[in-house]
Amino acid sequence: MPRLWLFPIVVGGLVAAIVAIMGLTIALPDAWYHQLVLPRWAPRDDVFGLVWMIVYGLTAIAVITGWRAMPTREGDWLIGLFATSGFLNILWSMLFYRLHRPDWSQLEVILFWISALALVVHSWRWSITAALMFLPYLGWVTFTGYLNLVIVRLNGPFG
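Counting along the sequence shown from 1, when you hit position 71 you're at 77 in our numbering, and nothing is skipped either side.
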């Protein structure tokens with residue numbers, strides 16, 4: 007049965023939009039965040055949000071590109087990996103910004119990073135283009151995880 011070409015566009019776009027919208031509502035820096043000691047290289051709030059939007063746009067395009075290049079089962083796995091990574095992104099934001107637990111989010115970011123790496127690895131065999139488009143996502147999750155670690159070290163303990 008031929009796959010519908012519109013399916014990955016809708017799913018990729020919906021997942022990216024849901025994560026972006028939830029991220030915008032969950033990850034709003036508040037007074038708690040602004041009282042934290044941050045490293046001088048930490049991006050401003052508006053830059054952080056802008057980079058996430060660009061990175062998620064690229065990941066949505068990468069999902070579509072990869073899905074179209076893969077056999078059905080592999081493409082379904084790619085969509086599942088993308089949805090899982092989106093969930094882990096939302097969970098990280100919830101732990102860090104809403105629960106004010108950078109220590110917990112530091113543990114969770116390990117799973118988040120593995121999910122971003124899984125997107126690159128899974129795509130590589132079928133679409134190097136998609137895999138390369140996932141690299142900014144992996145890079146930004148890596149940067150976010152390192153920033154999280156530095157915040158924990160500068161401000162801990164929490165709770």
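Even glycine gets a Cβ: it sits at the ideal position worked out from N, Cα and C. On a predicted model such as this, the values are computed, not experimentally measured, just so you know.
Next on the checklist: Determine whether the beta carbon atoms of D109 and F149 lie at a separation below 8 angstroms.
Outcome noted: no
Checklist entry - If T65 and Y143 are in contact, beta carbons under 8 angstroms, what's the gap, nearest whole angstrom? => result 5 angstroms
Checklist entry - Any idea what DSSP makes of F93, helix, strand or coil? => result helix
Checklist entry - Using CA coordinates, which residue listed in W132, M139, F102 and F88 is at the minimum distance from I120? => result F88
Checklist entry - Do the CB positions of L117 and L84 come within less than 8 angstroms of each other? => result no
Next on the checklist: What does the Cβ neighbour count give for Q41, buried or exposed, with the cut at 16 atoms within 10 Å?
Outcome noted: exposed
Next on the checklist: Could you check whether the segment 128 to 135 touches the segment 50 to 65, counting it as contact only if at least three pairs of C-beta atoms, one from each stretch, sit closer than 8 angstroms?
Outcome noted: no
Next on the checklist: Can you list, in chain order, the residues of its chain with a C-beta nearer than 7 angstroms to that of V25? Leave out the 5 residues immediately preceding and following it.
Outcome noted: Y62, G92, N95 and I96
Checklist entry - Nearest-angstrom Cα distance between G145 and V53? => result 15 angstroms
Checklist entry - With 16 other CB atoms within 10 Å as the buried threshold, where does L125 fall? => result buried
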